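Single-structure report; data block below.
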Amino acid sequence: MDFTLSKEHKDIQKAAREFAVGEFPDVAREFDLNETFPKKILDKARKLDLVGLFIPEAYGGPGLGFLEHALVLEEFWKIDPGIGQQLCSVSFGAEELLLFGTEEQKTKYLAPIFTGKAIMGFAITEPDAGSDTAAVATTAVRDGDDYVINGSKVMIGNGTVGTFMLVFCLTNPDEKSKTARHSVIIVETDREGYKADKMDGKMGLRCSDTAAVYFNNVRVPKENLLGKEGHGFIQLMHFFDRSRAYVAAHGVGLAQGALDQAVKHVRGRKQFGRPLGAFQATQFKIAEMATKIEAARNMVYKSAWLLDKGMADTKLTAMAKLYACHVAVTVVDEALQLHGGYGYFNDYDIERFYRAAKVLEIYEGTKEVEKIIISREILGKL
Ligand SMILES: Cc1cc2nc3c(=O)[nH]c(=O)nc-3n(C[C@H](O)[C@H](O)[C@H](O)COP(=O)(O)OP(=O)(O)OC[C@H]3O[C@@H](n4cnc5c(N)ncnc54)[C@H](O)[C@@H]3O)c2cc1C
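When we follow my numbering, the leftmost residue of the sequence shown carries the number 65, and every step to the right adds one.
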């Protein structure tokens, strides 16, 4: 076993840290307040190969691994979760394209993420199908050489700024098994009948784009089918085995950023004639926060490392997501507590981090869904 990061890993980590420290702090608060999409920062990050790190060079990407991607996301989220979220989500769904796309699809859709202005998304959730993804009702019906898509999605990342979406559709409604009824279809957002309305008023991650998306007789060629018809649900589970590792990395980054802010505050702030950090109650809080973060980080790195070795581990990745996101929510709560009343005002970054954290326990599988997955892996189907 070797727990050390290589020189290359450390260089990438450093590059991401310097980029985030240089670009995020001046604008993060304002972008969050005004829900401003961080376009210039995104364009710079693309040029520096700091997005979609796991995408192979053959398809225009940096050609690194899942671990490198996780390291970069951790650094981004440490400085600002909102901008970190948007830089991560530009390639959201690329894992699925890499796993199940044809050579032609991978080249056509992934390369422009780096060489052009492409932004992708993955539209799964619907008003009546959240945790229960097998209940998705947006239909894709074959008509000659095309699919015709009708339905609506909700809370979709990059719905209004994306150039194409992977769309989870109902293609085989008569199949007996509810896990054999769906397919994933690539939809370019400039196709007739595609409409997206930005969903304003998010609690956190406010500079990232989230939208309600509508498909009204959207026609796409049959070549836009990803993988096999009726295999969409199984494909989706393989996708989550990868994407959850990233969300777990978000949790570690957010928690570390919150801890860093708390440490700075308790060193400087004096009460009863001493810095807050001189009280043992404070010291114990800091020790507990740091310990939880380290445990979460190890789970995240291990699950990303296994992915790089081609050994995706459903249970471990779900555990990493469950634990790291719980750590983020509890650590940021304690970090804000240590700021006292000042933490309740947006002059302090901790207020923004606090609002950002909660979604980590909701998207990419709620914490309850992660527990269902973990326990099913242990107990089997009873
Ligand atoms: C900021 C943001 C960005 C998002 N981005 C995307 C995106 O890009 N693409 C996309 O497709 N979706 C996206 N989502 C949607 C997200 O994936 C869903 O919100 C999530 O899957 C939960 O679905 P739901 O909101 O319908 O909650 P529900 O499924 O209605 O769940 C509500 C509560 O009930 C619990 N629950 C549900 N079923 C069970 C059960 N069987 N046992 C125990 N408890 C249960 C849940 O855990 C949860 O606590 C995003 C959401 C947010 C907030």
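Every residue, glycine too, gets a C-beta built ideally from N, C-alpha and C. Treat the numbers as computed from the prediction; the structure is a model and nothing was measured.
Here's the rule: buried if 16 or more other CB atoms are within 10 angstroms of the residue's CB, otherwise exposed. What is residue i?
{"i": "Glu352", "result": "exposed"}
{"i": "Arg419", "result": "buried"}
{"i": "Ser439", "result": "exposed"}
{"i": "Ile442", "result": "exposed"}
{"i": "Glu434", "result": "buried"}
{"i": "Ser70", "result": "exposed"}
{"i": "Gln299", "result": "buried"}
{"i": "Gln325", "result": "buried"}
{"i": "Lys356", "result": "buried"}
{"i": "Ile436", "result": "exposed"}
{"i": "Asn288", "result": "buried"}
{"i": "Arg416", "result": "buried"}
{"i": "Glu190", "result": "buried"}
{"i": "Lys445", "result": "exposed"}
{"i": "Tyr158", "result": "Per the sequence shown, residue 158 should be read as Ala rather than Tyr. Buried, by the Cβ-count rule."}
{"i": "Gln344", "result": "exposed"}
{"i": "Arg270", "result": "buried"}
{"i": "Pro126", "result": "buried"}
{"i": "Gly124", "result": "buried"}
{"i": "Met65", "result": "exposed"}
{"i": "Pro53", "result": "Because the chain spans 65 through 446 in this model, residue 53 falls outside it and cannot be assessed."}
{"i": "Lys334", "result": "exposed"}
{"i": "Met184", "result": "buried"}
{"i": "Glu428", "result": "buried"}
{"i": "Phe156", "result": "buried"}
{"i": "Ser307", "result": "buried"}
{"i": "Tyr387", "result": "buried"}
{"i": "Leu114", "result": "buried"}
{"i": "Lys373", "result": "exposed"}
Residues in its own chain within less than 8 angstroms of residue i by CB, not counting five upstream and five downstream?
{"i": "Glu239", "result": "Arg245 and Gly294"}
{"i": "Ala347", "result": "The question names Ala, but residue 347 in the sequence shown is Gln. Taken in chain order, the residues that qualify are Gly341."}
{"i": "Asp209", "result": "Pro285 and Lys286"}
{"i": "Ala309", "result": "Phe130, Ala134, Val364, Ser367, Ala368, Leu371, Thr381, Ala384 and Lys385"}
{"i": "Asp192", "result": "Ala199 and Ala201"}
Based on Cα-Cα distance, which residue from the options lies nearest to residue i?
{"i": "Asp90", "options": "Asp411, Arg419, Ala276 and Asp113", "result": "Asp411"}
{"i": "Val225", "options": "Gly265, Ala182 and Val200", "result": "Ala182"}
{"i": "Val231", "options": "Met267, Asp192, Leu269 and Phe297", "result": "Phe297"}
{"i": "Ala354", "options": "His314, Ala392, Asp254 and Lys242", "result": "Ala392"}
{"i": "Ile414", "options": "Gln169, His329, Ala204 and Gly223", "result": "His329"}
{"i": "Gly86", "options": "Ala109, Asp207, Ala187 and Lys334", "result": "Ala109"}
{"i": "Lys111", "options": "Glu287, Leu446 and Leu151", "result": "Leu151"}
{"i": "Asp305", "options": "Lys104, Glu160 and Ala92", "result": "Glu160"}
{"i": "Val395", "options": "Glu428, Glu432, Leu318 and Gly407", "result": "Leu318"}
{"i": "Glu138", "options": "Gly405, Thr179, Lys74 and His403", "result": "Lys74"}
{"i": "Leu424", "options": "His390, Gly407 and Tyr408", "result": "His390"}
{"i": "Ile105", "options": "Gly215, Val154 and Lys292", "result": "Val154"}
{"i": "Lys217", "options": "Asp207, Asp264, Phe186 and Ala399", "result": "Phe186"}
{"i": "Ile143", "options": "Gly374, Arg81 and Asp377", "result": "Arg81"}
{"i": "Gly223", "options": "Lys373, Ala421, Phe101 and Gly268", "result": "Phe101"}
{"i": "Phe447", "options": "Glu94, Thr68, Asp377 and Asp107", "result": "For the chain, the structure presents residues 65 to 446; residue 447 sits outside this window and is missing."}
{"i": "Thr227", "options": "Asp254, Pro237 and Thr68", "result": "Asp254"}
{"i": "Leu128", "options": "Pro237, Leu117 and Tyr406", "result": "Leu117"}
{"i": "Asn20", "options": "Leu290, Gly215 and Gly337", "result": "Nothing can be reported for residue 20, as the shown portion of the chain is limited to 65 through 446."}
Between which two residues does the alpha helix (DSSP H) holding residue i run?
{"i": "Tyr173", "result": "Glu167 to Thr179"}
{"i": "Phe130", "result": "Phe130 to Ile143"}
{"i": "Cys233", "result": "Element bounds for Cys233: not the alpha helix (DSSP H) but the beta strand (DSSP E), Phe228 to Leu234."}
{"i": "Tyr310", "result": "Gly296 to Gly332"}
{"i": "Arg361", "result": "Gln344 to Asp372"}
{"i": "Arg206", "result": "Looking at the DSSP string, Arg206 is not in any alpha helix (DSSP H); the run it does join, the beta strand (DSSP E), is Thr203 to Asp207."}
{"i": "Pro89", "result": "Pro89 to Asn98"}
{"i": "Thr394", "result": "Thr378 to His403"}
{"i": "Tyr418", "result": "Asp413 to Ala421"}
{"i": "Val433", "result": "Lys431 to Leu443"}
In chain order, what residues of the same chain lie with their CB nearer than 6 angstroms to the CB of residue i, ignoring the 5 residues before and after it?
{"i": "Arg361", "result": "Val316"}
{"i": "Tyr258", "result": "Val282"}
{"i": "Ala384", "result": "Ala312, Met363, Val364 and Ser367"}
{"i": "Leu379", "result": "The amino acid occupying residue 379 in the given sequence is Lys; Leu does not appear at that position. Ile438 and Glu441."}
{"i": "Ala204", "result": "Tyr211, Ile213, Cys233, Thr235 and Ile249"}
{"i": "Gly148", "result": "Phe140 and Trp141"}
{"i": "Ile119", "result": "Gly125, Ala158 and Leu174"}
Which stretch, first to last residue, makes up the beta strand (DSSP E) that contains residue i?
{"i": "Gly215", "result": "Asp210 to Gly221"}
{"i": "Gly185", "result": "Met184 to Ala187"}
{"i": "Ala275", "result": "Thr274 to Pro285"}
{"i": "Ile249", "result": "His246 to Glu252"}
{"i": "Asp261", "result": "Tyr258 to Lys262"}
If you drop the 5 nearest sequence neighbours on each side, which residues of the same chain put their C-beta closer than 7 angstroms to that of residue i?
{"i": "Arg331", "result": "Pro339 and Gly341"}
{"i": "Lys266", "result": "Thr274"}
{"i": "Lys242", "result": "Ala198"}
{"i": "Leu402", "result": "Ala326, His329, Val330, Leu340, Thr346 and Lys349"}
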